[in-house]
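Read the structure below first, then the notes.
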Amino acid sequence: MSSERRKADHVRVTTTLNSQYQGSAGFESIRLRHQALPECSLDEINTETHLFGRSMSMPLIISSMTGGYDQGQTINQELCQLAEQHNLAIGLGSQRSMLEEYTKSKTLPDGFKELRRYAPTTLLFGNIGATQVAQEGDPARLIHLIEAIEADALIVHLNPLQELIQPEGDRDFRGVLKGIERLVIHSPVPIIVKETGAGIHGTAAKQLLEVGVSAIDIAGAGGTSWARAEQLRIDDQAPRDLFSEWGIPTATCLQEVAPLKKDGSFVLIASGGLRSVGDWVKALCLGADHVAVAQPIMKTYVEEGIEGVDSLLTQWKDEMTKVLCLLGAKGLDELTPEKCYL
Ligand SMILES: Cc1cc2nc3c(=O)[nH]c(=O)nc-3n(C[C@H](O)[C@H](O)[C@H](O)COP(=O)(O)O)c2cc1C
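Taking this note's numbering, the leading residue of the sequence shown gets 11, the next gets one more, and so forth.
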């Protein structure tokens, strides 16, 4: 199957069929501590934050999604424009097709290259799979991908579950950590490592930090299940099995990875099944610096177009401001574990 067809299928399956993990991301047992005496005015609440030295209007990253096919190009352009307008960071979908084209023709296709024009000042992240990183002995070509799109950071995605379920997927996951280490040494921009919905536990996070990654996006279970998405891509009626429910819930990953911050600084991103601003704020209280969301954004795009996503982002910002006010927190630095209870 061509990677273009696969990418189009991913959008269809994740937005129209039930590709979501059936368990939960684990945030429902954590409650936010309502402050009946907030002693602040809504106008004073500041949701602004920083990442890699740049300001953002709120700690939300539009998670890496699609790319590499015609319709994907329009989606990327519109989402980049919106990220710029709302001053939010955005991760592009996998640049694997770009790398393959480069191998074939020694030129880089234009599609991804021109996205920077749509997001001239906001944080823009490139994206490549762990297997490609392991296979590229010399990171020069990967660095070329970063430079071609003028990325502010490169995300390496880990997705062994998805690869094993995909009939044409990779089967050899050796050399990934070594490849990431090579990339960290040579990359001109920070390296972020993310999962894709099955989670990064404390031990794996520690290994990633030891090779020098700047940021970890735990991308745990609770939202999009890539095992489920791949099963549905083959058969709309595929029954749920062991792998449909595979993965570590996001809240569990967070509780394992956040304590590593006391041993050294890194950026901790929480994602995977964050479906309300309440979930985001809980994650921020438990130690995340930022949150990332994928499927709800793509589903809104498919159902309501870019205007729908625009309204959704505005609504999220409004809700975030009110939630902070109701916790008696004027800024994100006041979101601490004490703002939650079990
Ligand atoms: C349509 C779609 C395409 C995706 N493509 C990519 C990709 O190319 N690279 C990547 O790192 N993650 C990709 N993801 C995974 C998301 O970035 C995210 O880690 C995952 O969906 C969990 O977040 P969610 O529960 O908010 O959807 C994709 C997700 C969706 C819904």
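Every residue, glycine too, gets a C-beta built ideally from N, C-alpha and C.
As the structure is a prediction and not an experimental result, all values here were calculated from the model.
Query raised in the report: What residues match up with residue 295 in a beta bridge as DSSP calls it?
Result: Partner(s): none; residue 295 has no beta bridge.
Query - Within the segment 102 to 149, ranges of the beta strand (DSSP E) (whole runs, at least 3 residues) - result: 134 to 139
**Report entry** According to DSSP, residues forming a beta bridge with residue 271
**Finding:** Note: residue 271 sits in no beta bridge, so no partner.
Report task. Rounded to whole angstroms, what's the CA-CA distance from residue 440 to residue 160? Just pull it up for me. Result -> This structure leaves residue 440 out entirely; the chain is present only between 11 and 352.
Query raised in the report: What's the C-alpha gap between residue 327 and residue 153?
Result: 34 Å
Query raised in the report: Below 8 Å, can you find three or more Cβ-Cβ pairs linking the segment 35 to 49 to the segment 277 to 294?
Result: yes
Query raised in the report: Does the beta carbon of residue 297 come closer than 8 Å to any beta carbon on chain D?
Result: In summary, chain D is missing from the structure at hand, where a single protein chain is found.
Query raised in the report: Expressed to the nearest angstrom, what Euclidean distance is found between the alpha-carbon atoms of residue 21 and residue 207?
Result: 15 Å
Query raised in the report: Who does residue 227 pair with in a DSSP beta bridge?
Result: 204, 279
Report task. Output yes or no for whether 8 Å exceeds the beta carbon distance between residue 57 and residue 94. Result -> no
Requested in this report: Please go through the same chain and pick out, in chain order, the residues whose beta-carbon is closer than 6 Å to the beta-carbon of residue 180, but skip the five residues on each side of it.
Outcome: 141, 173
Query raised in the report: Who are the near neighbours of residue 248 in its chain, counting only those whose CB is closer than 7 Å to its CB and skipping five residues on each side?
Result: 241, 242
Report task. Indicate, with yes or no, if ligand 1 has a heavy atom lying under 7 Å from the CB of residue 32. Result -> no
Requested in this report: Measure the Cβ-Cβ separation of residue 139 and residue 106 and say whether it is below 8 Å.
Outcome: yes
Query raised in the report: How is the beta strand (DSSP E) around residue 64 delimited, first residue to last?
Result: 64 to 66
Query raised in the report: Does any heavy atom of ligand 1 sit closer than 7 Å to the C-beta of residue 300?
Result: no
Query - Per-residue DSSP class, three states only, for residue 341 - result: strand
Query raised in the report: Near residue 149, which residues of its chain fall below 6 Å by C-beta distance, leaving aside the five closest residues on each side in sequence?
Result: 192, 193, 196
**Report entry** Counterpart residues of residue 72 in DSSP-defined beta bridges
**Finding:** 100, 303
Report task. Using the Cα positions of residue 110 and residue 155, report the straight-line distance between them to the nearest angstrom. Result -> 11 Å
Query raised in the report: Under 8 Å, do residue 281 and residue 301 count as touching if we go by C-beta distance?
Result: yes
Requested in this report: Tell me whether residue 212 counts as near ligand 1, meaning its Cβ is closer than 7 Å to at least one heavy atom of that ligand.
Outcome: no
Query raised in the report: So, do the segment 301 to 315 and the segment 45 to 56 have three or more beta carbon pairs nearer to each other than 8 Å?
Result: no
Query - Which of helix, strand or coil DSSP assigns to residue 161 - result: coil
Requested in this report: Out of 291, 306, 316, 147, state which residue places its alpha-carbon closest to the alpha-carbon of residue 337.
Outcome: 291
**Report entry** Coil, strand or helix - residue 50 by DSSP
**Finding:** coil
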